[in-house]
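Student:
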Amino acid sequence: MGQRERERREAAQARLQAAGITPPRTSGGTGRILAIGAVVLVLALATGVYVLWENYRSETAATYAVARDGVVVRAGDQAAPVTVDVYEDYLCPTCKQFENYYASDLTAAVNAKKAKVDYHHIVILDERSTPPGYSTRAANAALCAADAGIFPEYHARLYADQPAEGSAGKSVQELIALGTELKATGDFAGCVTRQANSQAIADATKAAVADPAVSPGGRFGTPTVLVNGVKMDLSNGDWLSRVTG
Amino acid sequence: MTAARPLDVLGTVLRLGLAAVWLVSGVVKLSEPFTTSVAVAAYRVLPDALVTPVALVLPPVEVALGLLLLAGFATRLAAVVGALLVAAFVAGLVQAWARGLAIDCGCFGGGGPVDPDDTRYGLSLLRDLAFLAAAVFLAVRPRTLCALDRRRAATRDDAAHDDAAHDDHDRPVPVDATEEH
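Protein sequence lines, in the order shown, are assigned to chains Z and U.
Using our numbering, you'd call the opening residue of the first sequence number 1 and step up by one each time.
Using our numbering, you'd call the opening residue of the second sequence number 246 and step up by one each time.
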C-alpha cells in the first residue's frame with residue numbers, strides 16, 4: 001500500500017512538472033497542523049497539572065477539637081448540623097485515595113463548624129499484611145493519638161505513609177516514633193504498646209457489618225461514608241455538597 | 246486514487262470510533278476524579294506520589310485526543326499519542342493479570358479492586374488491542390474523509406495554484422483561507 005501510494009504521488013509530481021506547475025510544499029501546512037495539535041495536547045496536560053496544583057494548595061490544617069468515644073474519634077464541634085461517619089481501615093488503598101481527595105474539604109467543613117466527623121476505627125484487612133495485624137496495630141495507635149492530642153496529623157500521616165498490601169507495615173516502635181515526631185502528649189508510647197483496644201475494634205467491626213445502614217445487604221467495604229446516617233456513593237463528588245452545603 | 250477510497254472510508258470509521266472511545270472514557274474519568282485515582286492506584290505500578298498526578302492529567306488528555314480525532318485535526322499525532330497511551334494501558338493490564346491482582350481496568354470510569362471472580366482481563370485486553378490496532382492504522386495512514394487535516398491541505402493547494410488540476414472531487418469548501426495570509 002505504502003509503495004503504491006508513493007508511486008502514485010511520484011507520478012502526480014511528474015505530471016505537474018510536465019505541465020510547468022511547481023507544487024507548493026505541503027510540509028508547512030502539515031507542520032502547522034502538527035504544532036496546533038501538539039498545543040491542544042499540552043493544554044490538556046496543563047489543565048491536569050493545574051487541578052493537581054489546586055488540590056495540593058488547598059491542604060488545610062485542622063483547628064477543630066477531637067474527643068474519643070471508645071473506638072470512635074469524634075472530630076469537630078458536636079453541635080455542627082451535619083454528621084459524617086467515616087469507616088476506614090488504615091491499610092485500605094481506597095481509603096488512602098479518599099483521604100487524598102477529600103480530607104482537605106472535610107477538614108475545612110469541620111473547621112468551619114458546618115460538620116462533625118466520626119472516625120470509626122474498624123479493621124477488615126489484618127490478613128493483608130505480612131505478618132497479619134498491621135491494620136489493628138495502626139488503629140490502636142490512632143486511638144492513642146486521639147488521647148495524645150495529635151489525631152488529625154497522625155491519621156493523615158498513617159495514610160500518607162501507608163504500607164503496601166502484603167508488607168509488614170509500621171511496627172509498634174515505628175508507630176510510637178511517628179507519634180513522638182508529631183509531639184504526642186501523655187503516655188503515648190505506653191498506650192501504643194498496650195494495644196488495649198484490639199477487642200473493641202473487632203467488636204465495632206462486627207457491629208458495622210451487622211448494621212444495615214452501614215452494610216446494605218451485608219456488604220461492608222472501606223471506606224464507607226455516611227452523611228446524617230445515609231450511606232454515600234463515593235464514585236462522584238456529589239456527596240461532598242451534602243457536607244459543605 | 247480510486248483504490249484508496251475504501252481505505253479512506255475505513256480510516257474515517259476508525260477515526261470517529263476512536264474519537265468516541267476517548268471522549269467517553271475521558272469525560273467519565275474527568276467526572277470521577279476520586280474513582281479514577283483509585284483505579285490508577287489499583288494497578289500498583291506507579292509510586293504513590295504519581296498516582297494522583299496521573300489520575301488528574303490522564304482524563305483531559307484523553308478528551309483532547311478525542312476532540313482532535315473527531316475533528317480529524319493532526320490525526321497522525323493524535324493516533325500516535327493515543328497508540329502509545331493504549332500500549333501503556335495494555336502493559337498495565339498485562340502486569341496486573343500476571344501478578345494476579347483482582348482489579349477492574351477502569352477503562353471507562355469505575356475501576357479499582359474487585360472480587361477475584363469479577364475480573365475481566367481477557368475482554369479488556371481484547372478491546373484495548375482493537376483500539377491499538379485502529380490507532381496504529383491511523384498513525385500509518387492518517388488520510389480520512391471529513392477531516393480538518395484535508396480542509397487545510399486543500400486550502401493551501403487552492404492558494405498556491407488556482408486551477409482545477411486536482412483529483413479531489415469531494416474537496417470541501419475552504420473555511421479558513423484567511424488564516425493562511
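Glycine residues also receive a C-beta, built at the ideal position from the N, C-alpha and C atoms.
Can L261/U and L383/U be called in contact, C-beta distance under 7 Å?
Tutor: Not a contact, by the Cβ cut-off of 7 Å.
Student: For S282/U and L34/Z, I'd like the C-alpha separation in whole angstroms.
Tutor: 31 Å
Student: Fully enclosed by the region 101-139 of chain Z, which beta strand (DSSP E) runs are 3 residues long or longer?
Tutor: 115-121
Student: So, at 7 Å on beta carbons, what are the nonlocal neighbours of F353/U in its own chain, with the 5 sequence-adjacent residues on each side left out?
Tutor: Counting only residues of its own chain and dropping the five nearest sequence neighbours on each side, F353/U has a CB closer than 7 Å to the CB of V269, S270 and V273.
Student: Output yes or no for whether 7 Å exceeds the beta carbon distance between V84/Z and V209/Z.
Tutor: no
Student: What do you get for T389/U, buried or exposed, if any count of 16 or more other CB atoms within 10 angstroms of its CB means buried?
Tutor: Buried is the call here.
Student: At a CB-CB cut-off below 7 Å, which residues of chain Z make contact with A286/U?
Tutor: P93 and Q97
Student: Measuring alpha carbon to alpha carbon, tell me which residue in R289/U, R321/U, A264/U and A316/U is nearest P306/Z.
Tutor: Here chain Z covers residues 1 to 245 and nothing more, so residue 306/Z does not appear.
Student: If we call anything under 7 Å between Cβ atoms a contact, is C95/Z one with C144/Z?
Tutor: no
Student: Please identify the residue among L291/U, G256/U, L312/U and A332/U whose C-alpha is closest to the C-alpha of L371/U.
Tutor: The candidate whose alpha carbon is nearest that of L371/U is A332/U.
Student: Among the residues of its own chain, which have a CB less than 7 Å from the CB of A200/Z, if the five just before and after it don't count?
Tutor: If we look at A200/Z and ignore the five residues flanking it on each side, its Cβ neighbours are G70 and V71.
Student: Residues in the same chain with beta-carbon distance under 8 Å from V359/U, minus the five sequence neighbours each way, listed in chain order, please.
Tutor: A347, I348 and D349
Student: Start and end of the alpha helix (DSSP H) containing L182/Z?
Tutor: It is not in any alpha helix (DSSP H) - L182/Z carries neither H nor E in the DSSP assignment.
Student: Taking E88/Z as part of the beta strand (DSSP E), name the residues at either end of that continuous run.
Tutor: V82 to E88
Student: Below 7 Å between beta carbons: does that hold for S135/Z and Y87/Z?
Tutor: no
Student: Short check: CB of L275/U to CB of A379/U, under 7 Å?
Tutor: no
Student: Answer with buried or exposed for P132/Z, where buried requires no fewer than 16 other C-beta atoms within 10 angstroms of its C-beta.
Tutor: exposed
Student: So, P292/U versus A44/Z, is the Cβ gap smaller than 7 Å?
Tutor: no
Student: Tell me whether L16/Z sits in a helix, a strand or coil according to DSSP, three-state version.
Tutor: helix
Student: Using the rule of at least 16 other Cβ atoms within 10 Å of the residue's Cβ for burial, across every protein chain shown, is R396/U buried or exposed?
Tutor: buried
Student: Buried or exposed for G166/Z, please, with buried defined as at least 16 other CB atoms from any protein chain shown within 10 angstroms of its CB.
Tutor: When all chains shown are included, G166/Z counts as exposed.
Student: Quick one: using the 10 Å Cβ neighbour count with 16 as the cut-off for buried, is K206/Z buried or exposed?
Tutor: exposed
Student: If you reduce the DSSP assignment to three classes, tell me which class I261/Z lands in.
Tutor: The shown model of chain Z, from 1 to 245, leaves out residue 261/Z, and the question about it has no answer.
Student: Taking the Cβ atom as the reference point for each residue, do A392/U and G345/U lie within a distance shorter than 7 Å?
Tutor: no
Student: Could you give the DSSP three-state label for I36/Z: helix, strand or coil?
Tutor: helix
Student: So, using beta-carbon positions, are T185/Z and G149/Z closer together than 7 Å?
Tutor: yes
Student: If you run the structure through DSSP and keep just helix, strand and coil, what is T63/Z?
Tutor: coil
Student: Closer than 9 Å, Cβ to Cβ, to anything on chain U: give me those residues from the region 119-131 of chain Z, in chain order.
Tutor: none
Student: Tell me the rounded alpha-carbon separation between F334/U and D373/U.
Tutor: Rounded to the nearest angstrom, the two C-alpha atoms are 8 Å apart.
Student: Buried or exposed for L368/U, going by 16 or more other Cβ atoms inside 10 Å?
Tutor: L368/U should be labelled exposed.
Student: Kindly identify the DSSP beta-bridge partner or partners of C391/U.
Tutor: None, per the DSSP bridge assignment.
Student: Quick check: what's the CA-CA separation for Y64/Z versus N111/Z?
Tutor: 5 Å
Student: Checking contacts by CB at 7 Å: is F279/U closer than that to chain Z?
Tutor: Any Cβ of chain Z closer than 7 Å to the Cβ of F279/U would place that residue at the interface, and such an atom is present.
Student: When you compare only the Cα positions, how much space is there between Q97/Z and F279/U?
Tutor: When only Cα atoms are considered, Q97/Z and F279/U end up about 7 Å apart.
Student: With DSSP run on the structure shown, which of helix, strand or coil describes R68/Z?
Tutor: Here R68/Z carries a strand assignment [DSSP, helix/strand/coil].
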